[in-house]
Amino acid sequence: MLADIGDDQSIEESLSTFSSHVSRMKTFQEVADRLHSRQGARLLVILDELGAGTDPAEGAALGRALLEYLIERGAWVLVATHLGELKLFGYSRPELKSGAMLFDHQTLSPTYQMRMDSVGESHGLEIAERLGIAESIIKRAEELLSTNPNQSVALLHRLSEEEKKVQDIRLELESLKIEAEEKKESLVRRLEQTAREEKRIIEEARRQAEQKIQSARRRMASIEEHIHKQEQKLREGYDWREKGLEQREEQVTWMERELQRRLGILADLARKFPNFTPDLLKPTEIEKLQRLAEPDWQKILRKINDEEQQIRDDFPRARPRLELAEEARPAWQDITSGSSLQIEGVEGTVSVLEKDEKRKRVAVLLGNLRMEIPYARILRKISGKPAETPAPRLQLGGVARSDAGPEINLIGMTLEEMEPVLVRYLDDAALSGRPTVRIIHGHGTGTLRKGVQRILRDHPQVTKFHEAESFEGGAGATIALLRNN
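Numbering (my numbering), first residue to last: 17 to 501.
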């Protein structure tokens, strides 16, 4: 490190201020040359009032040349000067930085603060005035400055003004930067808060969706359980209805028989013994009959005949054939495959194919038609080989029609075997006035089902058809709706 600070002028050695500065310049030059050739060596030079002690123009030119020389040799240089030319030199090259010591114009004293990237001004007149130089001298000096302005001073003054503006702009930019940073931080916080809120909303939506899914699953399970219970009830109701119908048919059969027996007794009594009261009548009936005159017996007979006709109309299929000589219904265990039976409402006999022990129903062959009948509809078992009789016919409304049950089982048949049987069954069912029938074809390969649906589609008495419900057999059966003529 080298420094040129202060004044080493000497009268004895005939050394002026400028000469002392120049001798130091020479030393700085030599040291810079020597260190420049060394690898990694650096030099710091401190110069106070460079170019002072001689003509300002010459001093500034010499000082600038020395600075360029030292900089080219890699030296670090720190310069303090009042020369305008050297101040301007600080702005001429990018590697140079300028700075100014601040001055308080109110107190006319230095603040000892340095502002970088700024051009300092000399305040000679202000300081001279403060130190007591006559005002007239100060004014004269100002006049001389205005009449002979120094371009460097004017330029520096302009630079100083521009520097103040730049400094104000810098301060404003710093303020805007701080404000922008604060807004950025605020925005980042808001974004983070928004992200957290969005995450919370998504999690809440997911939670609610999961709850709704679980609720829907529970509801579906409840609905399935309800459907299962309803199907079970339907099955139980179907079985109960079948059993109830069988019992009702038995009851109606007994009522018809009892009615016929009483009709016969009362008819005989009314015709032969009008004043005789048999023990078969109830006491209330005896008293009533005793009070009635002869013509009133005809009214009683008509009333009984009307009641019989009403029963016949309400339960036509349960009406026994009175003209047949009845025998006792055969025991269940006496009915075997191949037995010939007479059943209610059917002319002729039918042949037993098989028995359903659990449901107590018998599968019989009615002409070419297979059907199932309940045990209660069997009137008697025909012993021996039956005589030749026409195809069994069902008696409905006085017109002989084929007895078509509510369903037909085609399982085990081929397409060729199935087609005439099904066509005959549909014709008989339509003639019997059935609104719907169930065709059982099973699952299998689906060939029989397709054949059944093809026939249903072309049959003139079928209006529409659909797959059976689960409790009716599902895909193993088809429900057909018939045209009611």
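Ideal Cβ placement from N, Cα and C applies to all residues, glycine included.
This structure is a prediction, so every number in the text was calculated from the model and none was measured.
Between the stretch 71–81 and the stretch 92–107 there are three or more C-beta pairs closer than 8 Å, enough to call the two in contact. Around the beta carbon of L203, fewer than 16 other beta carbons lie within 10 angstroms, which makes this residue exposed. P390 counts as buried, since no fewer than 16 other beta carbons sit within 10 angstroms of its beta carbon.
A buried status is given to T365, since no fewer than 16 other beta-carbon atoms sit within 10 Å of its beta-carbon. For E88, the uninterrupted alpha helix (DSSP H) run begins and ends at P72 to E88, by DSSP. Annotated three-state conformation of P436 is helix, per DSSP.
Here DSSP, grouped into helix, strand and coil, assigns G67 to coil.
Less than 9 Å divides the Cβ of E370 from the Cβ of S353.
In the three-state reduction of the DSSP assignment, H139 falls in the coil class, being assigned neither a helical nor a strand state.
Straight through space, the alpha carbons of A144 and E151 are spaced by roughly 10 Å. The alpha carbon of A68 has as its nearest neighbour, out of V47, I87 and M41, the alpha carbon of M41. Following the DSSP letters along the chain, one finds L498 inside the beta strand (DSSP E) bounded by residues A493 to L498. Within a 10 Å sphere around the beta-carbon of Y107 sit fewer than 16 other beta-carbons, which makes this residue exposed. By the Cβ-count criterion, Q230 is exposed, with fewer than 16 other Cβ atoms from all chains shown falling within 10 Å of its own Cβ. Apart from the 5 residues on each side of it in sequence, I21 sits with its Cβ closer than 6 Å to the Cβ of D64 in its chain, given in chain order. Across the set L447, L426 and K199, the C-alpha of L426 shows the shortest separation from the C-alpha of L464.
Shortest Cα-Cα distance from P110 to any of K376, T127 and I87 involves I87. Setting aside the 5 residues that flank it on each side, T479 is surrounded in the same chain by L497 and R499, each with a C-beta closer than 6 Å to its C-beta; the list follows chain order.
Rounded to the nearest angstrom, the Cβ distance from A157 to L141 is 6 Å, consistent with a contact under 8 Å. Beyond the five residues adjoining it in sequence on each side, A484 comes within less than 7 Å, by CB distance, of R454, G490, A493, T494 and I495 in the same chain, given in chain order. Take the alpha-carbon of L187 and the one of K180: they are about 10 Å apart. If only complete runs of 4 or more residues are kept, the stretch 95–159 shows the alpha helix (DSSP H) at 100–105 and 140–146, in order along the chain. Checking the DSSP bridge columns, you'll see E370 partnered with A379. DSSP places R473 in the uninterrupted alpha helix (DSSP H) bounded by T463 to D474. According to the DSSP assignment, S356 belongs to the beta strand (DSSP E) that extends over S356 to I359.
Take S367, set aside five residues on each side of it, and the residues of its chain with a beta-carbon closer than 7 Å to its own are G354, S356, V380 and L381, in chain order. Distance check between Y128 and each of D120, L438 and V437 places D120 closest, using alpha-carbon atoms only. C-alpha of H139 to C-alpha of I154: approximately 12 Å in a straight line. For the pair I394 and D443, the Cα-to-Cα distance works out to about 25 Å.
Contact annotation: L66 and T97 have beta-carbon atoms nearer than 9 Å. By alpha-carbon distance to S114, the top candidate from E240, L431, E137 and P126 is E137.
Membership of T33 in the alpha helix (DSSP H) is indicated by the continuous run T33 to H52.
In this structure, the alpha-carbon of Q224 lies about 26 Å from that of H242. Pairing F487 with K245, the inter-Cα distance amounts to about 12 Å.
DSSP places A19 inside the beta strand (DSSP E), whose first and last residues are L18 to D20. Within the same chain, and ignoring the five residues on either side of R345 in sequence, the residues whose Cβ sits closer than 7 Å to its Cβ are I394, L395 and R396.
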